[in-house]
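The structure appears right after this line, and notes come after that.
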Amino acid sequence: MSNQCPMATSDMLLTVGKASQHFGDILSQFIGSLASTKDIDVLPAHLRRACIAHGGALTPLYEYIPRMRNSDLEDISKHIANCRSSMKKYNILVSLSGHLFDQFLINEALDIIEAAGGSFHLVKCQVGQSADAMSYSELEVGADDSAILDKIIDSLTSIANSSENQGFINEDTNKISFKVGKIHKGDLEKEDAMKKKTVVLILGAGRVCRPAAEFLASIGSGTSRQWLETCIPDDFEENNDVQVIVASLYLQDAEEVQLNILSRIEADVMLDILSTVIFLITEGIVNATAVQLDIMDHESLCKYISEVDIVISLLPPRCHRIIANACIQLRKHLITASYVDDSMSKLDGEAKSAGITILGEMGLDPGIDHMMAMKIINQAHARRGRIRSFTSYCGGLPSPAAANNPLAYKFSWNPAGAILAGRNSATYRSHGETVHVDGNDLYGSAVRFRVPDLPAFALECLPNRNSLTYGDLYGIGHEASTIFRGTLRYEGKMSV
């Protein structure tokens, strides 16, 4: 196979070259018209629609770009200061989906809102990545008069239905889907007084950070309200706005990267790159901002923790004790996604004395798996049943198409932590017998695993840490002859 690779690469490069030449030949036919025209209105429709800018300014079809950017990029400090002067008396969340941008349907929607005297704020925007894919936008639309807001909704509804009226019923590219939430009315000063501003500090800006920041920052919006209603009691009232601060960027780590990997890049350039990464985490998220923080700088750490209500640590487990001590000192709640080790368990008394909650193991595994397990166990016990055997399997598996490396795995958390997890010893109970696996032998203990409903998935399973600890926590240690928590990976990873 290695002998065929150069030929395959050569063929691919030749194909790419031919494609570029073909595209250039076609484009050259229009260069003269595009370069010489002073009035783009005289151009053929297909060229006019393709012109993004002319004469140093955006063409009318693309004027939605700065309008949406200006709506999205509000000063974060305004949110922190509870400044909502731009809010209208009546507000509603509007969802638009369809070929919003390639068919310029978004222009018409924004024109309707502004022409009626309303305002809009971009809450969410997802652009389709192919010609057939739909785009999706969420807008918070506001007006000082309910009649104006009703008029805007009616007009937006009319463009959503216009495809059928104009005979486009079979042309999906001309369709737009439109949904509205509930109208929120009230005096803004009273609303601000009633709503509590909760500030959450997220420490660590890895791949799992952005989804957490997006969800927390959306609390109070129509989207999160719908989600919460499926998870909480009917009588719960959500009166919180959440401000998210994402803190990251260890200076000493930047220096290590600069020295060990990118020695030819100046240190300040490397820091600029890392600063860009942390700010990209919060880019486009309303109510979220990013800061640079080194947790080893106790004064800076305490400064940020003192200004928030809750701290979420997504840093490696070795960092949690430092953060927990500061949270206890400042009486702030702490949540982590990591296993609770002895160093954190020893803080139980101090946390209780400080009147705070330190909640660990709140990720996928450990975390969601605990909740699923307890739901099943509690249901069984409520019916006076007994748990004879408990097995739980969990694994962060990439889609098969993305499992394209020797590990058949993609790191969504600390790569070193993911690798070192394979050195943890494990203990479990199988048919009444306690089994212990040394950390050096953990990968060798992996066994073939198949899901009955998904026979094509070739998986392996290995024991996950000390399962017996959870037998006691789950309340089944005295009744279950088998207690096993396992980690799933694609077959072959363990051998690598």
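In the UniProt record's numbering, the protein residues as written are 1 to 496. Heads up, the beta-carbon is just placed ideally off N, CA and C, and yes, glycines get one too. From a predicted model like this one, the values you see are computed outputs, not experimental measurements.
Collapsed DSSP secondary structure at residue i in the structure displayed
i           : result
P342        : At residue 342 the sequence reads Asp, which differs from the Pro that was named. Three-state DSSP puts D342 in a helix.
Q329        : helix
S425        : coil
P316        : coil
N378        : helix
M134        : coil
F484        : strand
S36         : helix
A212        : helix
R384        : coil
Q243        : strand
residue 534 : The requested residue 534 does not occur in the structure, where the chain is confined to residues 1 to 496.
A373        : helix
R321        : helix
L201        : strand
Y490        : strand
L27         : helix
A337        : coil
L58         : strand
I65         : helix
E108        : helix
L139        : strand
L364        : coil
I219        : strand
I159        : helix
I295        : coil
I285        : coil
Chain-order list of residues whose beta-carbon lies under 6 Å from that of residue i (same chain, five-residue window excluded)
i    : result
N107 : Y64
C125 : S137
K89  : D144
V435 : Y428
E256 : Below a pLDDT of 50, predicted positions are generally treated as unreliable, and E256, at 35, falls in that range; the measurement from the model is reported next regardless. Cβ neighbours of E256 beyond the five flanking positions: none.
H478 : none
L216 : V200, V242 and V244
I310 : V200 and H333
S313 : L203, H320, I323 and T336
P66  : none
Where the beta strand (DSSP E) through residue i begins and ends
i    : result
H121 : S119 to Q126
G98  : Y90 to G98
A50  : Taken as a continuous stretch (DSSP letters only), A50 belongs to no beta strand (DSSP E), being part of the alpha helix (DSSP H) at A45 to A50.
A116 : Careful: A116 lies outside any beta strand (DSSP E) and carries neither H nor E.
V291 : A288 to Q292
F390 : S389 to C394
Enclosing alpha helix (DSSP H) for residue i [first to last residue]
i    : result
N405 : From DSSP, N405 is part of no alpha helix (DSSP H); its letter is neither H nor E.
S306 : H298 to S306
D348 : D348 to A354
Cutoff 7 Å; reference residue i; Cβ partners in own chain excluding five residues on either side
i    : result
S412 : R207, V208 and G396
P316 : N414 and G417
F101 : V127 and S135
S2   : With a pLDDT of 38 at S2, under the threshold of 50, the modelled position of that residue is not reliable, and no figure is offered here.
A147 : none
S77  : Residue confidence for S77 is low, a pLDDT of 39 falling below 50, so the modelled location carries little weight and cannot support an answer.
A373 : S392 and Y474
E433 : none
A380 : I387
L47  : F30, S33 and L34
N325 : none
V286 : V123 and A217
Beta-carbon contacts of residue i that lie in its chain and below 8 Å, excluding the five residues immediately before and after
i    : result
R331 : A354, G355 and I356
A480 : I387, R388, S389, F390, R429 and G471
C322 : The sequence shown places Ile at residue 322, not Cys. Same-chain partners within the cutoff: I295, M296 and L301.
L442 : G422, R423, N424, S425, A426, L462 and P463
S155 : I112 and A116
L43  : S33, L34, T37 and C51
E350 : I328
L468 : T427, Y428, R429, T434, G477 and I483
The ligand FAD heavy atom lying under 7 Å from the CB of residue i
i    : result
E140 : The model on display carries no ligand, and the ligand FAD is accordingly not part of it.
Quick one: any contact between the stretch 350-361 and the stretch 441-453, if contact means 3 or more CB pairs under 8 Å?
no
Uninterrupted alpha helix (DSSP H) stretches inside the stretch 408-475 (no shorter than 4 residues)
415-420 and 467-473
Count the CB pairs spanning the stretch 112-125 and the stretch 42-61 that are closer than 8 Å, and state whether there are at least three.
no
Pairing CB atoms from the stretch 359-377 with CB atoms from the stretch 329-340, are three or more of them under 8 Å?
yes
Evaluate the contact criterion for the stretch 384-392 versus the stretch 401-418: three or more CB pairs, one atom per stretch, below 8 Å.
no
Hey, is the stretch 297-311 in contact with the stretch 398-405, meaning 3+ C-beta pairs nearer than 8 Å?
no
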